[in-house]
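Asks: Here you go, one structure.
Numbering (the UniProt record's numbering), first residue to last: 1 to 180.
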C-alpha cells in the first residue's frame, strides 16, 4: 500500500511540475542565423518563390490562398504540412515584406501562435539570414509542453534555412560561373 501511495505522490508531483512550466512561461523566443554564399536579392528571390518551398522546407505540401494577393502584406495563406505522418494546417498571415531585406509573418493553429521575423543581411558577396521567432503556446497544456521542445524547434528552423542556403547556392551557381 505504501508503494501505491508513494507512486501516486510522485505522479502528482510530476504533473504539478509539468503544469507549473505553463503557469510561468507564456512565450519563448529563439533566433537562428544562416550564411548563404549568394547576394541578398538572389537569396530573397529563391526564398519567396513558392515553387521552391518544398525544396527547402521539410514536410511542406502546399499553400492555399485564404485572403489577399500572393506576397502582399496582410495576405493570408493556409500552410499545409506533414508532421509525424499527419497532415497539419497553419494559418500564415504576412505582416511585412521589404523585398531583398525582410519578410515577417505570423503562423497560427490550435496549439500556438508563432511570430517570425526574417532579415536578409548583405555581408560582402554573401547573405546572412537572421530568423527571430516568438512562440506563444495556447492554453496551459501547450504552454507547459512546447517550451520543452524549444531546442528541437530551433534545430528544425536552422535545418530548414540551411536547406534554403544549399538551394540558393545551387540555383545561383550557373549565374556565378557565367559572370567569371
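All C-beta atoms in this analysis are idealised placements derived from N, C-alpha and C, irrespective of residue type, glycine included.
Is the beta carbon of residue 17 sitting closer than 8 Å to the one on residue 143?
Replies: What you label residue 17 is simply residue 17 of the chain shown in a count that begins at 1. What you label residue 143 is simply residue 143 of the chain shown in a count that begins at 1. No, these two residues do not count as a Cβ contact at 8 Å.
Asks: What do you get for residue 82, buried or exposed, if any count of 16 or more other CB atoms within 10 angstroms of its CB means buried?
Replies: One-based indexing of the chain shown puts residue 82 at position 82. Exposed: under 16 other Cβ atoms inside 10 Å.
Asks: Residue 41 by DSSP, collapsed to three states: which one?
Replies: By one-based count along the chain shown, residue 41 stands at place 41. Correct three-state label for residue 41: helix.
Asks: Which runs of the alpha helix (DSSP H) at least 4 residues long sit entirely within the region 44–73? Give them in chain order.
Replies: Within the region 44–73, the complete alpha helix (DSSP H) runs of at least 4 residues are 53–56.
Asks: I want to know whether the region 53–70 touches the region 34–45 - three or more CB-CB distances under 8 Å.
Replies: No, the region 53–70 does not touch the region 34–45.
Asks: From which residue to which residue does the beta strand (DSSP E) around residue 25 run?
Replies: For the purposes of this step, residue 25 is taken as residue 25 along the chain shown, with counting starting at 1. Note, residue 25: premise wrong, no beta strand (DSSP E); not H, not E.
Asks: Give the secondary structure of residue 208 by DSSP, where H, G and I count as helix, E and B as strand, and everything else as coil.
Replies: Residue 208 is absent from the structure shown; the chain starts at 1 and stops at 180.
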